[in-house]
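Quick notes on the structure that follows.
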Amino acid sequence: MVKKGIFGGTFDPIHNGHLYIAHEAVERLNLDFLIFMPSGNPPHKTGRKKTDASIRYELVNMAIKEEKRFILSNFEIRNKGLSYTYKTLEYFNTIEPDTEWYFVTGADCLIELESWKSVDRILNLCKLAVFSRPGYNKEEILIHKEIAQKKYNKEIIFLDINPLNISSTDIKKMIREGKDVSLFLPKNVYNIVLELGLYKE
Ligand code: ATP
Ligand code: MG
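Numbering (the numbering used here), first residue to last: 1 to 201.
Encoded structure:
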C-alpha cells in the first residue's frame, strides 16, 4: 500500500526545524511521499499578520525541491476561506482512497488537538504522527496522547526525536532585531528572505 504524509503549517517562513521533522517522518514512517501543505488561512492564526501565501509557498518550494519524496501542494492556499485539516484530509482521501494517509505535526499541535475542528473525522482519515518539540516534555506529550487515544479510540504515533529549538516566530523576531538567522534556514530560503527584505517589521 502506498503511504503518504501531509505536513501542514503556516511556513512563515519554512525553517530547518520543519525540514528535520519532514526527513524523520519519511524515514521512520516509511512514507513514499510527504506533501507540504502551506495553509491559506489557518483558523488559529486569523488575527496575526501573515506573509502572502504566494511567497510562503515559493519559500517551501525552494526548500524542498531537491528531495524527491517531498511534494508541495497548493490545495489549502487556492481554497478561499479557513483551512481546516479535516477538509484537506477528506479531499485527499477521496482522490486517493487506497493510500494510507498520515498527518505529521509537532507536539504543540497534539497539546492543542481539542481546539481543532472535527478531531474525530481527522483521526478516521489519517494516522496522526506527532514529533517532539522543544518546550513540551515527553511526559506531557504522552499524557495528551493517551487521553486522545482513549477518547477517539485511535492510535496516535509519537516520534521521539531531538528536535531543533526554533520556530518561525523566533526567526521573525531575530530578523527584526537584526540577528543572523542563516543557521536556521535553508541557504536558498535565507537568500530570498534577505533579498526581499522579509520580516523586517
Ligand atoms: P509559528 O511560530 O508561526 O507558529 P512554527 O515554527 O510553529 O511557526 P508552523 O508553520 O506553525 O511553524 O508549524 C508547522 C508544523 O511544524 C507544526 O506541526 C509544528 O508543530 C511543526 N514544527 C515547527 N517547528 C518545529 C520544530 N522546531 N520541531 C518540531 N516541530 C516543529
Ligand atoms: Mg506553530
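Just so it is clear, CB atoms sit at the ideal spot from N, CA and C, and this is done for glycine as well.
Exposure of P97 is indicated by the presence of fewer than 16 other C-beta atoms within 10 angstroms of its C-beta. With a cutoff of 6 Å, T46 does not count as near ligand 1, since its C-beta is closer than that to no heavy atom of the ligand. Each residue's CA atom was taken as its position, placing Q149 and G197 some 44 Å apart.
Closest by C-alpha distance to E27, out of N188, L185, N137, A129, is A129. Nearest to L159 by alpha-carbon distance, out of G81, N79, F103, T99, is F103.
At a threshold of 6 Å, C126 does not count as near ligand 1, since its beta carbon sits no closer than that to any of the ligand's heavy atoms. DSSP, reduced to helix, strand and coil, places E195 within a helical segment of the structure shown. Taking the Cβ of L164 as the reference point, at least one heavy atom of ligand 1 falls within a distance shorter than 6 Å.
Here M37 is buried, its C-beta having at least 16 other C-beta atoms within 10 Å.
Distance from the C-beta of G106 to the nearest heavy atom of ligand 1 is below 6 Å.
Here Y152 is not near A107, since their CB atoms are 7 Å or more apart. In the structure shown, L159 adopts extended strand secondary structure according to DSSP, grouped into three states. In the DSSP assignment, I111 falls outside any beta strand (DSSP E) and lies within the alpha helix (DSSP H) extending over 107 to 111.
Excluding five sequence positions before and after L89, the CB atoms of its chain that fall closer than 8 Å to its own CB belong to I6, W101, F103, R121, I122, L125, C126, given in chain order. The three-state reading of DSSP puts P43 in helix, counting H, G and I together. A distance criterion of 6 Å places the beta-carbon of F184 beyond contact range of ligand 1, judged by its closest non-hydrogen atom. Following the DSSP letters along the chain, one finds F92 inside the alpha helix (DSSP H) bounded by residues 85 to 95.
A heavy atom of ligand 1 is found nearer than 6 Å to the CB of S168. Taking all protein chains shown into account, I143 has fewer than 16 neighbouring C-beta atoms within 10 Å of its C-beta and is therefore exposed.
Per DSSP, reduced to three states, the secondary structure at Y190 is helical.
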